[in-house]
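*Asks:* Numbering-wise (UniProt numbering), the sequence shown opens with residue 1 and increments by one. What follows is a structure written as structure tokens; I'll ask about it next.
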Amino acid sequence: MEENKKTPGAQVSVKPKGRERRHKCQQCDKYFTKSEGLKVHLRIHTGEKPYSCEECGTTFTTSSNLKKHQRIHTGEKPYSCEECGKAFTQSGHLKIHQVIHTGEKPYSCEECGKTFTTSSALKPHQRIHTGEEPYWCEWCGQTFARSSALKIHQHIHTGEKPYSCEECGKTFTTSYHHKKHHRIHTGENPYNCEECGKTFTSSHGLKKHLRIHTGEKPYWCEECGETFTASFRLQKHLRIHTGENPYNCEECGKTFTSSHGLKKHLRIHTGENP
């Protein structure tokens, strides 16, 4: 009988059915039907990444993962959607995309019932309920539920603004703010108020506007209880209690609680008629 060659960290045990042997990882007790499967799996524990991309040097545990990665450089997108023709580098990405057409959201949150197209989208959502924030900033220690949120936050420390407007050169820390800014140049207002028809460049702008119709005032003053539709209105109001006048006239030194108050005052010096 041929002697079984053992890979470090692995052991071989006989599978209950038939002659086929099952290969067990001693690190995490996971089983594999083939020794090659175990060998690849062990790289998770050893950190070995023997497959390297010749273009950028990124390394991978398997040749299949390297092949997928190389499509970034070649531009190859072999997986195409039959509904709209959009192409993808990986079959998994195509599968996620197809949900747009089917409307299927098979992953459900047990806490609130919200549904998601992928398990990877459900997982960060669940942290809203658990309060888990596994991603932390090395500069200031602030924690985040999503790695993408941490990445955006770190731009505060690095000063990096990787998104640039081709029209005016203004730079931004996130693609969201870049896209929102670009609408200034295009005049696009994709968010529409169903009550009055007014349009907005961002969903945030529409949300604030809707409070005019709903009467919602979520910001309130702890000093006197007065409520406001926007946080900036609350901040302005608080200066009544604190006595803060951060806006200063360079002509006469008079101070004001708001930039609007200063602007009106400046007409005294300029002679401008409103």
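Beta carbons are placed, not taken as given, at the ideal position from N, Cα and C, and that holds for glycine.
So what's F248 in DSSP terms, helix, strand or just coil?
*Replies:* Numbered from 1 along the sequence shown, position 248 holds the residue referred to as residue 248. Checking the displayed sequence, the identity of residue 248 turns out to be Asn instead of Phe. Three-state DSSP puts N248 in a strand.
*Asks:* Quick one: using the 10 Å Cβ neighbour count with 16 as the cut-off for buried, is A145 buried or exposed?
*Replies:* Taking the sequence shown and counting its residues from 1, one reaches residue 145 at position 145. It counts as buried.
*Asks:* Using a Cβ-Cβ distance cut-off of 8 Å, determine whether V40 contacts chain D.
*Replies:* Looking at the structure shown, chain D is missing, and only one protein chain is on hand.
*Asks:* Taking contact to mean 3 or more Cβ pairs, one atom from each stretch, closer than 8 Å, check whether the stretch 192-211 and the stretch 232-248 are in contact.
*Replies:* no
*Asks:* Between T115 and the rest of its own chain, which residues show a CB-CB distance below 8 Å, the 5 nearest in sequence each way excluded?
*Replies:* As a working note, residue 115 is residue 115 in the sequence shown. For T115, where only same-chain residues beyond five positions count, the Cβ hits under 8 Å are K105, P106, Y107, S108, C109.
*Asks:* Between which residues of its own chain and T255 is the CB-CB distance below 7 Å, once the five residues before and five after are set aside?
*Replies:* Counting from 1 along the sequence shown, the entry for residue 255 is found at position 255. Contacts found: N245, Y247, N248.
*Asks:* Apart from the five residues on each side of it in sequence, which residues of its chain come closer than 7 Å, Cβ to Cβ, to residue 356?
*Replies:* With the chain represented from 1 up to 274, any question about residue 356 goes unanswered, as that position is not in the structure.
*Asks:* With distances taken Cα to Cα, identify the nearest neighbour of G113 among H101, G103, T102, Q126.
*Replies:* Within the sequence shown, residue 113 is the residue found at index 113, counting from 1. Measuring from the Cα of G113, the nearest candidate turns out to be Q126.
*Asks:* Assign H241 to buried or exposed, taking buried as 16 or more other Cβ atoms, counted over all protein chains shown, within 10 Å of its Cβ.
*Replies:* Locating residue 241 in the sequence shown gives position 241, where the first residue counts as 1. Under this definition H241 is an exposed residue.
*Asks:* Tell me which residue opens and which closes the alpha helix (DSSP H) that Q27 is part of.
*Replies:* Along the sequence shown, read from residue 1 onward, the residue named residue 27 stands at position 27. Note, Q27: premise wrong, no alpha helix (DSSP H); not H, not E.
*Asks:* Bridge partners of N192, per DSSP?
*Replies:* On the sequence shown, position 192 is the one that residue 192 refers to. Beta-bridge pairing links N192 to T199.
*Asks:* Between H153, G131, E132, which has its C-alpha nearest E138's C-alpha?
*Replies:* Within the sequence shown, residue 138 is the residue found at index 138, counting from 1. With distances taken between Cα atoms, E138 lies closest to H153.
*Asks:* According to DSSP, is A145 helix, strand or coil?
*Replies:* The sequence position of residue 145 within the sequence shown is 145, counting from 1. DSSP places A145 in coil when its eight states are reduced to three.
*Asks:* Tell me the residue span of the alpha helix (DSSP H) that contains A121.
*Replies:* The residue you call residue 121 lines up with position 121 of the sequence shown. Per DSSP, A121 belongs to the alpha helix (DSSP H) from 119-130.
*Asks:* Distance check for K151 and T62, CA to CA, integer angstroms please.
*Replies:* Looking up residue 62 in the sequence shown gives position 62. Looking up residue 151 in the sequence shown gives position 151. Cα-Cα distance, rounded: 27 Å.
*Asks:* Out of G131, Q142, R22, which one is the CA nearest neighbour of F32?
*Replies:* Start at 1 with the first residue of the sequence shown, and residue 32 comes out as number 32. Ranking the options by Cα distance to F32, first place goes to R22.
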